[in-house]
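For reference, the structure discussed in these notes is given below.
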Ligand SMILES: [Mn+2]
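Residue numbers (this note's numbering): 17 to 464.
If you want it as structure tokens, here you go:
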């Protein structure tokens, strides 16, 4: 799956017997989701050093409704959203090294379902349930499991979107565990010994500085498209004490966090558009403007997990089309797809890093013979002008990125949009086909 970057079983296997191996393996009850997940997280644990890591967690829906007819009833799937579509949820935590923004692996993965006959939130008295019994407990479970898997790390920062703005999660970030979360609620806070609203306090605090942000614009012509521009972002931050929500009862101490607001100045907002506006909470100390910029940068890297979800779906690994007949087996194969997707993610992250680590070598992802093949391809793909040549140090990970992106259809000009995850995935598939031919040629050459 890593080499072919897909989950279509008949394409993964050359012979009928190979195809049967896939079916038998994923349908074997001795192969459990728990054992697959622990193998994946142990693999991550082995790569952890005494460094700072960012952990991006998020949930995606895997919709299998179009295969319903061939999937056995009650075989481990549930329903989503509209309470109709056959599906499961997947909540992975992607680990990235903070210093060079390189891709490391997964520290936690939780597949889960909503059963087909579920009482609604009201009937279940959802609001009064303890957090351990709520679905939102997965966010905290991730932080707890990550601490074990990344026990060698010197610092761990969990990064999540608004859904992860949970009081218990902020409370769980202590010692070496930190949190960056986009704010969902205008919480009550203690500020200068007074009870205030978080948003108002932020808005009224001093402007600490500003920076320019490139808004790429939306190339689709929809009514809500973003206009390409350089946004002038105004930054404010303030240390506050978050007051525990009423459901926690009395006697729970407030939690000290730093709140950051990054809001587009009205001077660059085009007519009819909303300003770009982020409010972020963090347990990291924000002492000055550059600390705040660092937190905003780390939050913006959260986009990588959305990219991972895109890679897993239709145009990438196509996990929603896995043709197994058992729900549990489909979930197991999806876990393999997650691990296989890391190779493509690692290439993308190497190309997007702010301060890329030049010591990251292609051999981390490709074997020696594959690198020989990449070398031949580089010569084929390079143009005559400097602009059309691979700009990266030979045999570095970014050198391999450039070749794979070119194979995926990217033309290699700096003026072009940088290659996206689907282009890289196409490049990996293309490379695999070429490499098979390369090996056949090698074998023929060495024939006596
Ligand atoms: Mn989300």
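By construction, the Cβ of each residue, glycine as well, lies at the ideal position given by its N, Cα and C atoms.
From the DSSP output, read off the bridge partner residues of residue 349. As a first step, residue 349 is located in the chain shown; it is residue number 333 there, counting from the start. Paired residues: none, contrary to the question.
* Asked: How should residue 439 be labelled, buried or exposed, when 16 other C-beta atoms within 10 angstroms of its C-beta is the threshold for buried?
  -> Your numbering for residue 439 matches position 423 in the chain shown. Looking at its Cβ environment, which holds 16 or more other Cβ atoms inside 10 Å, residue 439 is buried.
Exercise for the section: Would you mind reading off the limits of the alpha helix (DSSP H) that contains residue 451? Expected result: Taking the chain shown and counting its residues from 1, one reaches residue 451 at position 435. First-last of the alpha helix (DSSP H) with residue 451: 437-461.
Contact under 8 Å by Cβ, residue 333 with residue 18: What you label residue 333 is simply residue 317 of the chain shown in a count that begins at 1. What you label residue 18 is simply residue 2 of the chain shown in a count that begins at 1. Result no, Cβ atoms of residue 333 and residue 18 do not sit closer than 8 Å.
Could you check if residue 455 is buried or exposed, using at least 16 other CB atoms within 10 Å of its CB as the buried criterion? Indexing the chain shown from 1 puts residue 455 at position 439. The residue in question, residue 455, is exposed, as its Cβ has fewer than 16 Cβ neighbours within 10 Å.
Worksheet entry | Range covered by the beta strand (DSSP E) that runs through residue 274 | Indexing the chain shown from 1 puts residue 274 at position 258. Looking at the DSSP string, the run of the beta strand (DSSP E) that includes residue 274 is 271-280.
**Study point:** For review: beta carbons within less than 7 Å of any heavy atom in ligand 1
**Key:** If you measure from each CB to the nearest heavy atom of ligand 1, the residues under 7 Å come out as 74, 75, 177, 179.
Return the first residue and the last residue of the alpha helix (DSSP H) that residue 417 is part of. Looking up residue 417 in the chain shown gives position 401. Residue 417 -> alpha helix (DSSP H) spans 413-423.
Fill in: Rounded straight-line distance, which links the Cα of residue 319 to that of residue 111
The count along the chain shown starts at 1 and reaches residue 111 at position 95. The count along the chain shown starts at 1 and reaches residue 319 at position 303. When only Cα atoms are considered, residue 111 and residue 319 end up about 13 Å apart.
Sufficient close CB pairs (3 or more, under 8 Å) joining the stretch 102-120 to the stretch 306-322: yes
Report the residue from 356, 328, 197, 428 whose alpha carbon sits nearest the alpha carbon of residue 275. Taking the first residue of the chain shown as 1, we reach residue 275 at position 259. If we check each option's Cα against that of residue 275, 197 comes out closest.
Does the beta-carbon distance from residue 175 to residue 336 come in below 8 Å?
Start at 1 with the first residue of the chain shown, and residue 175 comes out as number 159. Start at 1 with the first residue of the chain shown, and residue 336 comes out as number 320. It is not a contact, given that the beta carbons lie outside the stated cut-off.
* **Spatial distance of residue 246 from residue 226 (CA atoms)** => Translated into the one-based positions of the chain shown, residue 246 becomes position 230. Translated into the one-based positions of the chain shown, residue 226 becomes position 210. Rounded to the nearest angstrom, the two C-alpha atoms are 12 Å apart.
Review point. Are the beta-carbon atoms belonging to residue 256 and residue 268 less than 8 Å from one another?
Key: Here residue 256 refers to the residue found at position 240 of the chain shown. Here residue 268 refers to the residue found at position 252 of the chain shown. Their beta carbons are not under 8 Å apart, which means residue 256 does not touch residue 268 by this criterion.
| query | So what's residue 247 in DSSP terms, helix, strand or just coil? | reply | As a working note, residue 247 is residue 231 in the chain shown. Here residue 247 sits in strand by DSSP.
Next on the checklist: So, at 7 Å on beta carbons, what are the nonlocal neighbours of residue 417 in its own chain, with the 5 sequence-adjacent residues on each side left out?
Outcome noted: Translated into the one-based positions of the chain shown, residue 417 becomes position 401. Hits under 7 Å: 363, 366, 367.
| field | Whole-number beta carbon distance between residue 52 and residue 351, since they are thought to touch under 8 Å | value | In the chain shown, the residue the question calls residue 351 occupies position 335. In the chain shown, the residue the question calls residue 52 occupies position 36. About 5 Å; that satisfies the 8 Å criterion.
- Looking at the structure shown, is residue 309 part of a helix, part of a strand, or coil, going by DSSP? One-based indexing of the chain shown puts residue 309 at position 293. Reduced to three states, the DSSP call for residue 309 is helix.
**Study point:** Continuous beta strand (DSSP E) stretch holding residue 103: start and end
**Key:** On the chain shown, residue 103 is found 87 positions in, with the first residue counted as 1. Its beta strand (DSSP E) spans residues 101-113.
Would you check if the stretch 88-104 and the stretch 63-73 touch, i.e. whether three or more CB-CB distances between them fall below 8 Å? no
**OP:** State the CB to CB distance for the pair residue 206 and residue 195, rounded to an integer number of angstroms; the pair is presumed to be in contact (CB under 8 Å).
**Re:** Taking the first residue of the chain shown as position 1, residue 206 is located at position 190. Taking the first residue of the chain shown as position 1, residue 195 is located at position 179. About 19 Å separates the two Cβ atoms, so there is no contact after all.
_Just to confirm, is the Cβ distance from residue 29 to residue 342 under 8 Å?_
Here residue 29 refers to the residue found at position 13 when the chain shown is read from its first residue. Here residue 342 refers to the residue found at position 326 when the chain shown is read from its first residue. No, the pair does not count as a contact, with Cβ atoms beyond the cut-off.
> Does the stretch 432-448 come close enough to the stretch 395-410 that 3 or more CB-CB pairs lie under 8 Å?
Replying inline: No, they do not touch.
Backbone secondary structure at residue 230 - three-state DSSP: Counting from 1 along the chain shown, the entry for residue 230 is found at position 214. Note: residue 230 maps to strand in three-state DSSP.
Applying the 10 Å Cβ sphere with the 16-neighbour rule, what's the burial state of residue 293? As a working note, residue 293 is residue 277 in the chain shown. Flag for residue 293 reads exposed.
In the structure shown, what three-state DSSP assignment does residue 173 receive? Here the question's residue 173 lines up with position 157 in the chain shown. Looking at residue 173 - three-state DSSP - the assignment turns out to be strand.
Outcome for residue 244 when other beta-carbon atoms lying within 10 angstroms are tallied against a minimum of 16
Locating residue 244 in the chain shown gives position 228, counting from the first residue. Sixteen is the threshold: since fewer than 16 other Cβ atoms of the shown chains lie within 10 Å of the Cβ of residue 244, the residue is exposed.
Please state whether DSSP places residue 19 in a helix, a strand or coil.
As a working note, residue 19 is residue 3 in the chain shown. Looking at residue 19 - three-state DSSP - the assignment turns out to be coil, as it is neither helix nor strand.
Using the rule of at least 16 other Cβ atoms within 10 Å of the residue's Cβ for burial, across every protein chain shown, is residue 426 buried or exposed?
Locating residue 426 in the chain shown gives position 410, where the first residue counts as 1. Buried, since its Cβ has 16 or more Cβ neighbours within 10 Å.
Q. For residue 457, which of 378, 392, 423, 401 has the nearest alpha-carbon?
A. Against the chain shown, residue 457 aligns to sequence position 441. Considering only alpha carbons, the answer is 392.
Check: Would the beta-carbon of residue 158 fall within 8 Å of that of residue 192?
Finding: On the chain shown, residue 158 is found 142 positions in, with the first residue counted as 1. On the chain shown, residue 192 is found 176 positions in, with the first residue counted as 1. The answer is no: Cβ separation not under 8 Å.
task = Please report the residue range of the beta strand (DSSP E) in which residue 200 lies.
result = Start at 1 with the first residue of the chain shown, and residue 200 comes out as number 184. Run containing residue 200: none; DSSP gives neither H nor E here.
Endpoints, the alpha helix (DSSP H) within which residue 57 is located: As a working mapping, residue 57 is identified with position 41 in the chain shown. That run of the alpha helix (DSSP H) goes 49-61.
Between residue 386 and residue 252, what straight-line distance do the alpha-carbon atoms span, to the nearest angstrom? One-based indexing of the chain shown puts residue 386 at position 370. One-based indexing of the chain shown puts residue 252 at position 236. Residue 386 and residue 252 have their alpha carbons spaced roughly 49 Å apart.
Cβ-based neighbour list, residue 203, same chain, cut-off 6 Å, excluding 5 preceding and 5 following: Taking the first residue of the chain shown as position 1, residue 203 is located at position 187. Annotation for residue 203: 214, 258 place their beta carbon closer than 6 Å to its own, counting only its chain and skipping 5 residues before and after.
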